[in-house]
Amino acid sequence: MNLFTQPHRRYNPLTNEWILVSPHRTDRPWQGQVEKLPPETRPSYDPTCYLCPGNERAGGNRNPEYDSTFVFQNDFSALLPDTPSEKLDQRGLLRAASERGLCRVICFSPRHDWTLPDMPLADIRRVVNVWAEQTIELGAMSFVNYVQVFENKGAMMGASNPHPHCQVWASERVPTEPAKEFRSLLGYRDEHGTCLVCDYLALELKAGERLVVQNEHFVALVPFWAVWPFETMVLARRHLGDLPGLDEAERDALADIVKRLTTRYDNLFGVSFPYSMGWHQAPADGEIHAEAHLHAHYYPPLLRSATVRKFMVGYEMLGNPQRDVTAETAAERLREMSDVLYR
Ligand SMILES: [Zn+2]
Ligand SMILES: [Zn+2]
Ligand SMILES: [Zn+2]
25 MNLFTQPHRR YNPLTNEWIL VSPHRTDRPW QGQVEKLPPE TRPSYDPTCY
75 LCPGNERAGG NRNPEYDSTF VFQNDFSALL PDTPSEKLDQ RGLLRAASER
125 GLCRVICFSP RHDWTLPDMP LADIRRVVNV WAEQTIELGA MSFVNYVQVF
175 ENKGAMMGAS NPHPHCQVWA SERVPTEPAK EFRSLLGYRD EHGTCLVCDY
225 LALELKAGER LVVQNEHFVA LVPFWAVWPF ETMVLARRHL GDLPGLDEAE
275 RDALADIVKR LTTRYDNLFG VSFPYSMGWH QAPADGEIHA EAHLHAHYYP
325 PLLRSATVRK FMVGYEMLGN PQRDVTAETA AERLREMSDV LYR
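Terminal number for the sequence shown in our numbering: 367, no gaps in between.
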């Protein structure tokens, strides 16, 4: 089967969904929307930024004069810890259930003008630690059963503030996307007695054509079933379930992979590369989840330049996701990029 010339479908075994790949269409002219670029330079401190050290936030709280990472409760949390437990069910058709949780913000650095690729490795390493600490702290709360760490980077992905930060939402129930994956991981384990992600990673390491960067403990690759043009996954080589399970050497290695991957993203179109990324890890429900395999997904919207993005519309909303550039071509382009940041 020729994956590089003819239209075909690819299967995502994690979500049990299909995508359409149309490699013959990559030279299609573009007369659509062109994005505005954000200003090239930002000050290292912005007196109007609600995430900079010492500044007042919208809720009236003031940030401390922090000098590394800083975690605080989101002033406009989507989930609240004291929501009363209630249910609605009308003939199984009108269903609702209360949901308790907590939302926090993690500032990566006091530097307003930095993003992850600008940060020294030791500072990114501290961010990795905070991801793990927050997973433990929030996961230990009696009503929390899942901890979702995610980052929206760039105005194109809806980041409301350019100051480098991510979010942690802890919820009572496992959210839809990881829940889909756990069904697949459990099903695969039942059928094969092994881990879907471990087996998939072994295939990718053998094939090589979708790999982007790797080190002793982590691999970044464009998944075979990628939907977004330069979508990647970061996979732990070891079969472990969550961020707190990472040992010291693995945390060092993760900081290295995050820096190298985000640097390559920025170098690709010579712009601070927007994306949404997040970790998928074992539920924090006190049970053993041997099926979970720690990994991150990066979903960047840019398609062919700093200003031309992919839209998920039409067929994608009503049929299924579709892409033109193959995962292999995208991986090759990211692989060719330098680990040294060009600004
Ligand atoms: Zn700031
Ligand atoms: Zn595994
Ligand atoms: Zn996942």
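All C-beta atoms, glycine included, are put in the ideal place defined by N, C-alpha and C.
Practice task
Kindly indicate the opening and closing residues of the beta strand (DSSP E) around residue 74.
Solution key: As a first step, residue 74 must be located in the sequence shown, where it is residue number 50. First-last for residue 74: undefined, no H or E at that position.
Handout entry: Contact the stretch 319-339 vs the stretch 288-297: 3+ CB pairs below 8 Å
Key = yes
Exercise for the section: Would you decide whether residue 255 is buried or exposed? Buried here means 16 or more other CB atoms lie within 10 Å of its CB. Expected result: Working through the sequence shown from its first residue, we reach residue 255 at position 231. Its Cβ being crowded by 16 or more others within 10 Å, residue 255 is buried.
Handout entry: Neighbourhood of residue 41 by C-beta distance below 6 Å, restricted to the same chain and skipping five residues each side
Key = For the purposes of this step, residue 41 is taken as residue 17 along the sequence shown, with counting starting at 1. Nothing listed; no residue qualifies.
Exercise for the section: Give the DSSP-derived three-state secondary structure of residue 30 in the structure shown. Expected result: Taking the sequence shown and counting its residues from 1, the one referred to as residue 30 is at position 6. Correct three-state label for residue 30: coil.
Practice task
Report the option in 263, 244, 180 whose CA atom is closest to the CA atom of residue 218.
Solution key: Locating residue 218 in the sequence shown gives position 194, where the first residue counts as 1. If we check each option's Cα against that of residue 218, 263 comes out closest.
Problem - DSSP bridge partner residues for residue 303 (one or two, in chain order) - result: Your numbering for residue 303 matches position 279 in the sequence shown. Note: residue 303 sits in a beta bridge opposite 320.
Exercise for the section: Please list the segments of the alpha helix (DSSP H) lying wholly inside the stretch 98-129, counting only runs of 4 or more residues, in order along the chain. Expected result: none
Handout entry: Around ligand 1, Cβ to any heavy atom closer than 6 Å, ordered along the chain
Key = 70, 73, 75, 76, 136, 187
Handout entry: Inter-stretch contact (C-beta, 8 Å, three-pair minimum) for the stretch 105-121 and the stretch 149-164
Key = no
Practice task
Check whether the Cβ of residue 221 sits closer than 7 Å to any heavy atom of ligand 2, and report yes or no.
Solution key: Translated into the one-based positions of the sequence shown, residue 221 becomes position 197. At least one heavy atom of ligand 2 is nearer than 7 Å to the Cβ of residue 221, so yes.
Exercise for the section: Confirm the yes/no value for this check: CB of residue 255, any heavy atom of ligand 3, distance under 7 Å. Expected result: Here residue 255 corresponds to residue number 231 of the sequence shown, with the count starting at 1. False, no ligand heavy atom lies under 7 Å from that Cβ.
Exercise for the section: Give me the Cα-Cα distance between residue 101 and residue 126, rounded to the nearest whole angstrom. Expected result: For the purposes of this step, residue 101 is taken as the residue at position 77 of the sequence shown. For the purposes of this step, residue 126 is taken as the residue at position 102 of the sequence shown. Each residue's Cα considered, the two are about 7 Å apart.
Exercise for the section: Reducing DSSP to helix, strand and coil, say where residue 177 ends up. Expected result: Residue numbering aside, residue 177 sits at position 153 when the sequence shown is read from its first letter. Residue state, collapsed to three classes: strand.
Exercise for the section: Identify, in the order they occur along the chain, each residue of the same chain with its Cβ nearer than 8 Å to the Cβ of residue 83, setting aside the five sequence neighbours on each side. Expected result: For the purposes of this step, residue 83 is taken as the residue at position 59 of the sequence shown. Closer than 8 Å at Cβ, skipping near neighbours: 99, 100.
Exercise for the section: Determine which residues share a DSSP beta bridge with residue 350 and list them. Expected result: Position 326 of the sequence shown, counting from 1, holds the residue named residue 350. According to DSSP, residue 350 bridges with nothing at all.
Handout entry: Reduced DSSP secondary structure (H/G/I, E/B, other) of residue 216
Key = Here residue 216 corresponds to residue number 192 of the sequence shown, with the count starting at 1. It is helical.
Practice task
For residue 336, count neighbouring C-beta atoms within 10 Å of its own C-beta (all shown protein chains included) and say buried if the count is 16 or more, exposed if not.
Solution key: One-based indexing of the sequence shown puts residue 336 at position 312. Per the 10 Å Cβ criterion, exposed.
Exercise for the section: Starting from residue 257, follow the beta strand (DSSP E) in both directions and report where the run begins and ends. Expected result: One-based indexing of the sequence shown puts residue 257 at position 233. Element bounds for residue 257: 256-260.
Exercise for the section: Pick helix, strand or coil for residue 201, following the three-state DSSP scheme. Expected result: Taking the first residue of the sequence shown as 1, we reach residue 201 at position 177. Helix.
Problem - Within-8 Å CB hit, residue 38 to chain C - result: The structure shown contains no chain C; it is built from a single protein chain.
Problem - Enclosing beta strand (DSSP E) for residue 293 [first to last residue] - result: Numbered from 1 along the sequence shown, position 269 holds the residue referred to as residue 293. First-last for residue 293: 272-293, but that is the alpha helix (DSSP H), not the beta strand (DSSP E).
Handout entry: Inter-residue Cα distance where the pair is residue 26 and residue 244
Key = Looking up residue 26 in the sequence shown gives position 2. Looking up residue 244 in the sequence shown gives position 220. Looking at the two C-alpha atoms, the distance is approximately 24 Å.
Problem - Any non-hydrogen atom of ligand 5 within 7 Å of residue 313 CB - result: This structure lacks ligand 5; its bound ligands are ligand 1, ligand 2 and ligand 3.
Handout entry: Rounded Cβ spacing between residue 130 and residue 279 (contact assumed at less than 8 Å)
Key = Counted from its first residue, the sequence shown places residue 130 at position 106. Counted from its first residue, the sequence shown places residue 279 at position 255. With 8 Å as the limit, residue 130 and residue 279 do not qualify as a contact, their Cβ atoms being about 15 Å apart.
Problem - Proximity of residue 151 and residue 93 at Cβ, strictly below 8 Å - result: In the sequence shown, the residue the question calls residue 151 occupies position 127. In the sequence shown, the residue the question calls residue 93 occupies position 69. Against a cut-off of 8 Å, the Cβ pair of residue 93 and residue 151 comes out as a contact.
Handout entry: Alpha-carbon to alpha-carbon, residue 199 and residue 228
Key = The residue given as residue 228 occupies position 204 in the sequence shown. The residue given as residue 199 occupies position 175 in the sequence shown. Near 28 Å, if we compare the C-alpha coordinates of residue 199 and residue 228.
Practice task
Work out the CA separation of residue 175 and residue 136 for me, nearest whole Å.
Solution key: Translated into positions along the sequence shown, residue 136 becomes position 112. Translated into positions along the sequence shown, residue 175 becomes position 151. The straight-line gap from Cα to Cα measures roughly 16 Å.
Exercise for the section: Taking only heavy atoms of ligand 3 into account, decide whether any of them is closer than 7 Å to the Cβ of residue 278. Expected result: By one-based count along the sequence shown, residue 278 stands at place 254. It does not: the Cβ of residue 278 is nowhere closer than 7 Å to a heavy atom of ligand 3.
Practice task
Given a cut-off of 8 Å, decide if residue 291 and residue 362 are closer than it, judged by their beta-carbon atoms.
Solution key: The residue labelled residue 362 in the question sits at position 338 within the sequence shown. The residue labelled residue 291 in the question sits at position 267 within the sequence shown. Yes; because the gap between Cβ atoms is below 8 Å, this pair is in contact.
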